[in-house]
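Asks: In the numbering used here, the protein residues as written are 370 to 723. Note that CB positions come from ideal geometry on N, CA and C, so glycine has one too. The structure that follows is given in the form of structure tokens.
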Ligand code: SF4
């Protein structure tokens, strides 16, 4: 069985011809898949029934996700879903909406996708990291998360405008499926999202960062740094072992050199752990002069007992970086009351089921 949502347009051309159909049918099929987003083969009314039957006979399917749970924040701007593909594949996907800028009528609608069930990186402050690694998602399961929200938005006359790979899992540890999903989601004959509207967030798998820099992709890269030195970073990201902070900064410089796209360093601010003024000065020192952009993320409370610093401390940390000539923003936190930190909804749900 092969899911039609993993097939690249060039592959679709070949499949259609092999099934004895004219090549233009591939375009019809792709338009139906990505503009109407059917949930099963029998909903594919835009192609002749003989072609639909031939696809089914050749083992093609549309694997559909089931929405197990939906939580919407009080301000209606954040929607978090728990999606199930099969008994072993239960993942979270989040939609974050931002008010439209003056020249736009529709809100910015960013979907945050998962790439793995659980995560092998084991960051101590992350609910997903604490559940361990279960499996990699397939490209079609990544694509389906976006299409699920695309269907919801379409009913409201809106559409997906941005995509972040910041949900459950380390996208670069599931490299091939992540890149295939990006190609499907950005291909003008498939979902057609602009490559520059996509951000991949990695905890720092350096060989994969180097590989990504050589792909013909214009996606943005964010590296989760969380600490200015190896000792503290290894406490927060136990699997950081082979890659030092210095190595990560060099990898970011190489990525910028090859792609022309500046890398953002994500920094989860945790009260009493990595938020002191001394640490801020150390961070400013190592990042100064390389055009780095730091995105501070005051962390959502998780079961690990970590908490978010007071606003005053967050602003003081930001000011030290700015004084050190490091460009720095504080991420607007969305939906913390609905367990928006990655992995929390699934963890809560699995606790209730098991
Ligand atoms: S923060 Fe990201 S990389 Fe770290 S454990 Fe959680 S999902 Fe994995």
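Rounded C-beta distance between residue 539 and residue 572? I'm assuming under 8 Å.
Replies: Yes, residue 539 and residue 572 are in contact; Cβ-Cβ is about 6 Å, under 8 Å.
Asks: Tell me whether residue 634 sits in a helix, a strand or coil according to DSSP, three-state version.
Replies: DSSP places residue 634 in strand when its eight states are reduced to three.
Asks: Expressed to the nearest angstrom, what Euclidean distance is found between the alpha-carbon atoms of residue 510 and residue 598?
Replies: Their backbone Cα atoms lie some 36 Å apart in a straight line.
Asks: So the beta strand (DSSP E) residue 455 belongs to, where does it begin and stop?
Replies: Looking at the DSSP string, the run of the beta strand (DSSP E) that includes residue 455 is 447-455.
Asks: Return the CA-CA distance between residue 400 and residue 389, expressed in angstroms with no decimal places.
Replies: Rounded to the nearest angstrom, the two C-alpha atoms are 19 Å apart.
Asks: Assuming residue 420 is part of the beta strand (DSSP E), what are its boundary residues?
Replies: Not the beta strand (DSSP E): residue 420 falls in the alpha helix (DSSP H), residues 418-426.
Asks: Could you tell me the alpha carbon to alpha carbon distance between residue 494 and residue 605, rounded to whole angstroms?
Replies: Whole-angstrom Cα-Cα distance: 7 Å.
Asks: Quick one: is residue 485 buried, meaning 16 or more other Cβ sit within 10 Å of its Cβ, or exposed?
Replies: When all chains shown are included, residue 485 counts as buried.
Asks: Pick out whichever of 480, 489, 426, 544 has its Cα sitting closest to the Cα of residue 516.
Replies: For residue 516, the nearest C-alpha among the options comes from 480.
Asks: In chain order, which continuous runs of the alpha helix (DSSP H) of length 4 or greater are located wholly inside the stretch 504-553?
Replies: Qualifying alpha helix (DSSP H) stretches, in chain order: 508-524.
Asks: Helix, strand or coil: how does DSSP classify residue 579 here?
Replies: In the structure shown, residue 579 sits in a helix (DSSP, three-state: H, G or I).
Asks: Just tell me which of 663, 674, 644 has its CA closest to the CA of residue 680.
Replies: Taking only the C-alpha atoms, the option nearest residue 680 is 644.
Asks: Residue range of the alpha helix (DSSP H) that residue 667 falls in?
Replies: No alpha helix (DSSP H) holds residue 667; the beta strand (DSSP E) holding it covers 662-667.
Asks: Under 8 Å, with one C-beta from each stretch per pair, do the stretch 553-569 and the stretch 398-412 reach the 3-pair mark?
Replies: Contact between the stretch 553-569 and the stretch 398-412 is present, because at least three Cβ pairs lie under 8 Å.
Asks: Looking at residue 492 and the ligand SF4, is the gap between the Cβ and the nearest heavy atom below 7 Å?
Replies: The answer is yes for residue 492.
Asks: Thinking C-alpha only, which one of 429, 528, 417, 435 is nearest residue 467?
Replies: Nearest option by C-alpha distance: 528.
Asks: Only counting runs of 3 or more residues, tell me where the beta strand (DSSP E) segments fall wholly within the stretch 468-499, in order along the chain.
Replies: Runs of the beta strand (DSSP E) inside the stretch 468-499: 477-481, 485-487.
Asks: Leaving aside the five residues before and after residue 490 along the sequence, list all residues of the same chain whose C-beta is less than 7 Å from its C-beta, in chain order.
Replies: 498, 539, 572, 606, 608.
Asks: Any heavy atom of the ligand SF4 closer than 7 Å to the beta-carbon of residue 539?
Replies: Because some heavy atom of the ligand SF4 lies under 7 Å away, the Cβ of residue 539 counts as near it: yes.
Asks: Checking 8 Å against the spacing of the C-beta atoms, do residue 394 and residue 376 come in under that value?
Replies: No, these two residues do not count as a Cβ contact at 8 Å.
Asks: Looking only at C-alpha atoms, which of 458, 419, 442 sits nearest to residue 433?
Replies: When only C-alpha atoms are compared, the closest one is 458.
Asks: I believe residue 635 touches residue 570 by the beta-carbon criterion, under 8 Å. Please report the beta-carbon distance rounded to the nearest angstrom.
Replies: Going by Cβ atoms, the distance from residue 635 to residue 570 rounds to 6 Å, so yes, they are a contact pair.
Asks: Determine contact between the stretch 619-632 and the stretch 646-654, defined as no fewer than three beta-carbon pairs at a distance below 8 Å.
Replies: No contact exists between the stretch 619-632 and the stretch 646-654.
Asks: Could you check which residue in 637, 700, 582 has the C-alpha nearest to that of residue 596?
Replies: Closest by alpha carbon: 637.
Asks: When we look at the beta-carbon of residue 723 and count the other beta-carbons within 10 Å, is it buried (16 or more) or exposed?
Replies: Residue placement at residue 723 is poorly supported in this model, since its pLDDT is 43, which falls under 50; the coordinates are not used for a value here.
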